[in-house]
Amino acid sequence: MQIYVLVDNRARQGFRSRWGLSILVEANNMKILFDGDTDAETLCYNVERMGVSIEDVDFVFLSHWHRDHYGGLKCLANKVGGRGVKVYAPPGEKSIVEKWGFQVEELPIASNTPLGPGIWSIGPLEAWSNFYEHSLLVVDEKARVLIVGCSHPGVAILAREASRIAGKPLTLVVGGFHMPRKEELVELMNYTEKVAPLHCTGEEAEKLLNTLYPHRILKLAGGDIVRL
Numbered sequence: 004m005q006i007y008v009l010v011d012n013r014a015r016q017g018f019r020s021r022w023g024l025s026i027l028v029e030a031n032n033m034k035i036l037f038d039g040d041t042d043a044e045t046l047c048y049n050v051e052r053m054g055v056s057i058e059d060v061d062f063v064f065l066s067h068w069h070r071d072h073y074g075g076l077k078c079l080a081n082k083v084g085g086r087g088v089k090v091y092a093p094p095g096e097k098s099i100v101e102k103w104g105f106q107v108e109e110l111p112i113a114s115n116t117p118l119g120p121g122i123w124s125i126g127p128l129e130a131w132s133n134f135y136e137h138s139l140l141v142v143d144e145k146a147r148v149l150i151v152g153c154s155h156p157g158v159a160i161l162a163r164e165a166s167r168i169a170g171k172p173l174t175l176v177v178g179g180f181h182m183p184r185k186e187e188l189v190e191l192m193n194y195t196e197k198v199a200p201l202h203c204t205g206e207e208a209e210k211l212l213n214t215l216y217p218h219r220i221l222k223l224a225g226g227d228i229v230r231l
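Letter by letter, the sequence shown follows residues 4 to 231 of this note's numbering.
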C-alpha cells in the first residue's frame, strides 16, 4: 500500500501548501483519490511535482461537502476532459461537482459500504443536523489504514468502527482529526497502532499526541509518501 499526501496545510520544500486535504492511495490493484483540496491549481501543481497521475483513478472518495475537500477536484476534471469519474460521497450538494462532469453516488447513511477488495466507506455518519461525513478504510495483506477528512463525527468513533470492520486494530489513521480533546485521543489510540495527523487536527492535539505517544505518530505534510 502506498499513500501520497498530495495537499495539506503544511508542505515539504518544493510543494505548495493550502488549507485543505487531498490524498492518493494505491492498494489492492486500485487507485483512489481521497478528497480534492481547496483549489485546482495547488492540487495539479503538487501532483505534477510528485510525479504521480490522478487521471487514472478508479474513483474519487469525497469525505464531506466542505470546499477545502472538493474545490480542487476541478484539477481532475480538467485532466480527464469531462469523463464521468465516479465520486463516492455522503448525502449533500452533489450538483457542485456534477457540473464538472463527475458521477456522484451518495452512499446510504451508516452503511459501511464495501467499494472494492479490502476497501470500505465507514459511515456516512451524522456530524450535526443533516450534515454527514464518511471515511475510507483500506485493508491489504500488510496494513489496515483509515483515511479521514475532518472527522466531524469524531475521529475515535470512526476508528472504532473501522477497526471493528477490519477485525483487529488499525495500522494507521491518517488525515484531519478536527481538534480532538485528550479523552478522544486516548480512545483513538486504543484502535490504532499509529496516527498521522494532518489538516484540521490542531496544534494542541498534535502537542498532546507528541507528549503522550511520541513513538506512535507520523509527522507528514504535502509531498510525503508512506509505504506500508
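We treat Cβ as the ideally placed atom computed from N, Cα and C, and that holds for glycine.
Quick caveat, the model's predicted, so the values are computed rather than measured.
Among the residues of its own chain, which have a CB less than 7 Å from the CB of residue i, if the five just before and after it don't count?
| i | result |
| --- | --- |
| K97 | V107, E109 |
Identify, in the order they occur along the chain, each residue of the same chain with its Cβ nearer than 6 Å to the Cβ of residue i, setting aside the five sequence neighbours on each side.
| i | result |
| --- | --- |
| E58 | K82, V83 |
Where does residue i sit, in a helix, a strand or coil, going by DSSP?
| i | result |
| --- | --- |
| A146 | coil |
| E29 | strand |
| V158 | helix |
| T214 | helix |
| T45 | helix |
| E224 | According to the sequence provided, residue 224 is Ala. The question's Glu does not apply to it. Three-state DSSP puts A224 in coil, outside helix and strand. |
| V90 | strand |
| I35 | strand |
| E101 | helix |
| V50 | helix |
Nearest by alpha-carbon distance to residue i: which of the options is it?
| i | options | result |
| --- | --- | --- |
| L173 | R219, R86, N213 | R219 |
| L231 | R13, E29, Q16, L24 | E29 |
| S138 | T195, G179, G87, N49 | G179 |
| E187 | K197, P200, I160, N213 | I160 |
| P127 | V176, F64, R86, V88 | F64 |
| F62 | S166, S124, L215, Y135 | S124 |
| P93 | H67, C153, N31, A208 | H67 |
| G205 | S154, M33, V142, E51 | S154 |
Taking the alpha-carbon positions, what's the residue i to residue j distance?
| i | j | result |
| --- | --- | --- |
| V8 | H202 | 11 Å |
| R15 | I99 | 30 Å |
| V189 | I112 | 27 Å |
| V198 | V158 | 11 Å |
| Y216 | Y73 | 32 Å |
| V141 | L149 | 6 Å |
For the beta strand (DSSP E) holding residue i, just list the boundary residues, first then last.
| i | result |
| --- | --- |
| S124 | 122 to 131 |
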